[in-house]
Amino acid sequence: MDIREAIEQNDIHFLQNLENELQEELTTQNNSFFHFALKKENITFEIIKFLIEKGADINSKDDYNQPSLHLACRNQENENSFEIIKFLIEKGADINSKNDYNQAPLHLACQYQKNQNSFQIIKFLIEKGADINSKNDYNESPLHLACQNKNENSFEIIKFLIEKGLDINSKNDYNQTPLHLACQYQKNQNSFEIIKFLIEKGADINSKNEKNQSPLHLACQYQKKENSFEIIKFLIENGSDINSQTLRDEIALHLACQYQKKENSFEIIKFLIENGSDINSQTYYNESPLHLASQYQQNENSFQIIKFLIEKGADINSQTNYNEIALNFACEYQQNENAFEVIKLLVEKGSDINAQSYENNQTSLHLACQYQQNENAFQIIKLLVEKGIDINAKTYDNEIALHFCLKNNNKNSFQIIKFLIEKGSDCNIKTESNETLLHLASQYQQNENAFEIIKLLVEKGSDINSKNENNQIPLHLACQYQQNENSFEIINLLIEKGSNINSKTLRNEIPLHFACQYQQNENSFEIIKLLIEKGSDINSKNENNQIPLHLASQYQQNENSFQIINLLIEKGSDINSKTLRDEIPLHFACQYQQNENSFEIIKLLVEKGSDLSSKIKSINETPLHFVCQYQQKENAFEIIKLLIEKGSDINAKTIHNQTALHFACQYQQNENSFEIIKLLVEKGIDINARTNKNQVIGLHLVYQYQNQNTMEIIKYLIENGSDINSGNYNNKTILNLFCQDQNNENSFEIIKYLIEKGADVNHKDHFNQTALHSTCKYQNEKSNEIIKLLIEKGADINARNNKNQSPLQIANSNHDRKKIQILLMNDADIFNIEKQQITQEIMDIFPKIYSINQDLNNFLKSNENFPDFQIKSNDSFNFNLHKQIILLRFDNDYSILNKFVNICSQKSKEIVQLCINFLYTGFPDFDNFIEIFHNLINYKTEKYPKLNNISENEIIEEFFKEIGLDLNWINIKKGRKGIIKDFQKFYQENESKNFTIICEEKEVKVHKLILMIRSELFKGMFLSVEDSSNEVHDYTGKTFETIQQLIYFIYNDEIEENKITKQIIQELEDVKDYYQLNQNSFLDLILEF
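Okay, so the sequence shown: first residue is 1 according to UniProt numbering, each after it adds one.
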């Protein structure tokens, strides 16, 4: 359990046990735990009190700038809220502090009054000095907020606030007074008492808000409680202007008719009218109360409301700005079960039955036919017709009511349509788009009576070959919209009645084109068969030169698609007919493999003589290209195999020089994609063919379009001859590409495999970037392992790109601490980074990287280091050294040692010192080197100007030449890595080990000299033993594995990664301090990561 969980569970005992930690957290975590507690609904008073006593800042603010007292006042769901608020104020909480919205605690207490103690809280705040007239950013006083609340004590709170002198007519930024808000938010059972009290205390009953609404307007609009009637009645009786208008010219009656949601809405409307409301008042849009009542029939008393309005003199034919009368609205919005009675009443009371709207010239009959939402829709339409409505009245689009019926999917549609036709609807009338009723009926076949409707229209003389604006006859539309189980019967009927079966649209399409394209019906095969038997031109071409077989091959959506295509071929379809783009049906079948029978369809087309080498104009793609590109179906492999076996040119190239292999590698959409690629390679496809646009081979595309088989595909292509070092248009090889984008879960394994198979780790793309440059851009753990691998396999760690950046500079610019560490560990050249560009990460990591060199440097300069060997300079100065170290650096070659001693005897003391420094530390002058930001730059530029603009790897060799000493014949390893390589040899050599460490009764042999160099503890231990005869150290308290890893680190400056456990890491931190290793030790970096 942590602190947050303890607060969540009100566990005071857990918090008490964490006393010191809790105090620290309260100060360091910006009081976040304290704020969290104040927001919890069930938090106890004891927890809050304890947190304050332990240092929580009582006036601190949360992340949203809310002070603590604000949080407590907001959280009144808590039954302890009063105690908490009282305690906060007693402890010094600022009672008038403001949040970002200028709200004081009193505002929030009034706004969030959810508790029976809310009144007590508000009263206490005011008694303790809360500014009662304080306003928030919306100019709201506490009274405004209290009037919006639904707490059972709201009335007492409002009463108390007014008694304390709050301005009852104060207006907020929206010009609302508390009375406006009380009328709008009638959430409370005491709403009536609140409103009554406000008025009695002087609230301006006719005050207007920014929309010019009075409290009466709002009370009529927001009828939320059973006492809404009493509220409205009280407002009117106390002087509310009943005909006052809003900015939209609405009076209270308009709003009461529009928002008739409550059971007492009728009583409200009746009362308003009886008390002088202007029954024919019009809004800005010229809407009367009757318009609104007819439109918003949301109440069970809607009929009574409309009837009452009419009886009281409402103008039944009053028109809105769009020429709509109440009857239009009633026919359009027939949601209510009383819709028929309402419409009947309006008609009987004199509504102009043929009134047409200004917007689209619709009559009530148009609207009733369009919006058949009521179970009495037929009775409504019948009523209108019987009352003399013009059955053939036209809209601006030339549509009559019957047009709207045909578009509607009502269960009574057939009955209505039949009725309208019998009553004289014109069956051949055309819309603005030249569509007849038969066109619409053929298009809208969703209705279960579609066949009967079409049959009726035909029998009534509808022109069967009439053409719309697209030159489509009804048969075209029936073939296109074959959504009904009777579609076959509909099409058969149209043909039998004389439809022109080869009639052409403006796009040169005949009905057969549509039937083959829109195979949506279970009877599609029978429909197409019927059309052919009745003489449809099977090779008729549309504007794109497509014959029906092209479309059937493209739109194979039906279970009978194979039978359809087979039928078309058997009946004489030209199997190699070409479109304007030179596509044959086989191209479409290979591209659109949407059917479970796609293989059989393609096999049929091939066996019937499709030209496998046919190429599409302008792109030169064959059917094989298409299948490899659009391999959506599970049988894509079988299709490709079939095409190849039947003679497809496997190496055919598109206009961009793409082969089938390029497409197969690019579009791996199929579970058999790998098998497809294998098949193409086995059949002899050119594995290294290049495109002429992006200069890519198949191998590049596998990277670009990766899936779960990427690794296997790459292996297969490379093992079968794919050029692993081939570059694309940017000269990026497959290795460069995978290093620049490591999104594949197998990226590391893929990169490792590529290197093992000969990928050039130092290949440079057109931007002179190597794989190592690319990898250093990505900040994830996987990329770090890839960097290690690349370096291990010989990547040039100091390669420069076109921007003169090395991998280290890229990692440095990204502040990537881990990558900087890895690169510096491997002697990345730090000299080429400008002084001002060196980041804090390098400043921190750099000294730790070279801690082993530092240890050797310190040891060399120490006066107590057990020297056993001497070298003299030409001025007879003696250097006391360690033979074991010098031989180690000279690969135990005594002849080199003797030659070195001889050379030193001929050189000055200063030069010999530099040589010895180099032997011990890997650098001629390590002290200057480690001060990279000052001394080293000066060291190069000032002391030895000839060393400018050369790298770290070159500087040592050039340095010795500069001082007149050629040491090339020695071949001593340089820098950090040089020292570590020699120490590693020492670690593996057992004969000269002269000290034993015992742990858990197990022994590990080491060199006493190495321990002295690396550990201050051992150095002091050996110096304190006079005869140095004690050659054993017994260590207890840690595991033997930990001691082993410590010794491994002392020699190798690294830890064996495969042996690291969480326990060893924790113990190493302790052991490091125990053995007094360098405080800037590289071990710190290892433990950090």
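Note that beta-carbon positions come from the ideal geometry of N, C-alpha and C, so glycine has one too.
What does a CB cutoff of less than 6 Å around residue i pick up in its chain, not counting 5 residues either side in sequence?
i, result
"E193", "F155"
"N408", "Q372"
"S244", "S214"
"I454", "A441, I490"
"Y481", "Q443, Q445"
"Q666", "L701, Y705"
"S170", "S141"
"E435", "N468"
"L216", "L235, S240, A252"
"S540", "I510"
What does the alpha-carbon distance come out to for the pair residue i and residue j?
i, j, result
"S191", "Q372", "41 Å"
"I820", "M843", "11 Å"
"K683", "I650", "8 Å"
"D582", "P623", "12 Å"
"E469", "E559", "34 Å"
"S610", "C776", "53 Å"
"Y138", "L145", "11 Å"
"Q304", "E263", "12 Å"
"E127", "K86", "11 Å"
"Q295", "E311", "18 Å"
"A368", "I381", "6 Å"
"K732", "Q695", "10 Å"
"N728", "I697", "8 Å"
"T246", "L309", "21 Å"
"T431", "K344", "30 Å"
"N398", "N354", "16 Å"
"H291", "H107", "42 Å"
Since residue i is in the alpha helix (DSSP H), which residue starts that stretch and which ends it?
i, result
"Y1034", "At residue 1034 the sequence reads Asp, which differs from the Tyr that was named. Run containing D1034: none in the alpha helix (DSSP H); it sits in the beta strand (DSSP E), 1032-1034."
"V627", "623-629"
"V681", "673-682"
"N492", "487-496"
"residue 1090", "No answer is possible for residue 1090: it lies beyond the span of the chain, which begins at 1 and ends at 1089."
"C197", "What sits at residue 197 in the sequence shown is Phe, not Cys. Looking at the DSSP string, the run of the alpha helix (DSSP H) that includes F197 is 191-200."
"R4", "3-8"
How far does the beta strand (DSSP E) with residue i in it reach, from first residue to last?
i, result
"T996", "995-999"
"V1006", "1002-1006"
"F767", "Unbroken run through F767: none, as it is neither H nor E."
"I871", "869-872"
"N720", "First-last for N720: undefined, no H or E at that position."
"N880", "878-881"
Which same chain residues end up closer than 7 Å to residue i when comparing Cβ atoms and leaving out the 5 residues on each side of it in sequence?
i, result
"D352", "N317, I325"
"N801", "F767, N768, Q769, H773"
"N692", "H656, N657"
"D390", "N354, T363"
"N736", "H763, D765, A771, S774"
Once you ignore the five residues that flank residue i on each side, which residues in its own chain have a CB closer than 8 Å to its CB?
i, result
"L679", "F637, I640, K641, I644"
What do you reckon, is the C-beta of residue i under 8 Å from a heavy atom of the ligand SAH?
i, result
"C915", "For the ligand SAH, the structure offers nothing, since it holds no ligand at all."
Report yes or no: do three or more beta-carbon pairs, one from the region 741-749 and one from the region 717-732, lie closer than 8 Å?
no
Cβ contact (3+ pairs, closer than 8 Å) linking the region 625-634 and the region 591-599
Contact holds: three or more Cβ-Cβ distances are below 8 Å.
Determine, using beta-carbon pairs with one atom in the region 144-160 and one in the region 114-134, whether at least three such pairs fall under 8 Å.
yes
Please list the segments of the alpha helix (DSSP H) lying wholly inside the region 887-932, counting only runs of 4 or more residues, in order along the chain.
894-904, 909-921, 926-930
Counting only runs that start and end within the region 1039-1076, where is the beta strand (DSSP E) found for 3 or more residues in a row?
none
Which complete alpha helix (DSSP H) runs does the UniProt repeat "ANK" (64-100) hold, if anything under 4 residues is left out?
68-74, 81-90
Which ranges does the alpha helix (DSSP H) cover as unbroken runs of at least 4 residues, wholly within the region 743-807, from first to last along the chain?
747-756, 771-775, 781-792
Report yes or no: do the region 1031-1045 and the region 883-893 share at least 3 C-beta pairs separated by less than 8 Å?
When Cβ pairs closer than 8 Å are counted between the two stretches, the region 1031-1045 is seen not to touch the region 883-893, the count staying below three.
With three or more beta-carbon pairs closer than 8 Å as the criterion, would you say the region 891-911 touches the region 995-1013?
no
Given 8 Å as the limit, is there contact between the region 806-826 and the region 765-782, that is, 3 or more CB pairs closer than that?
Judged by Cβ distances under 8 Å, the region 806-826 makes contact with the region 765-782, as three or more pairs qualify.
At least 3 beta-carbon pairs within less than 8 Å: the region 508-519 vs the region 544-559:
Taking a contact to require three or more Cβ pairs closer than 8 Å, the region 508-519 and the region 544-559 qualify as touching.
Counting pairs of beta carbons, one from the region 191-210 and one from the region 221-234, are three or more of them closer than 8 Å?
Yes, the region 191-210 is in contact with the region 221-234.
Entirely enclosed alpha helix (DSSP H) segments - the region 808-848, minimum 4 residues
817-825
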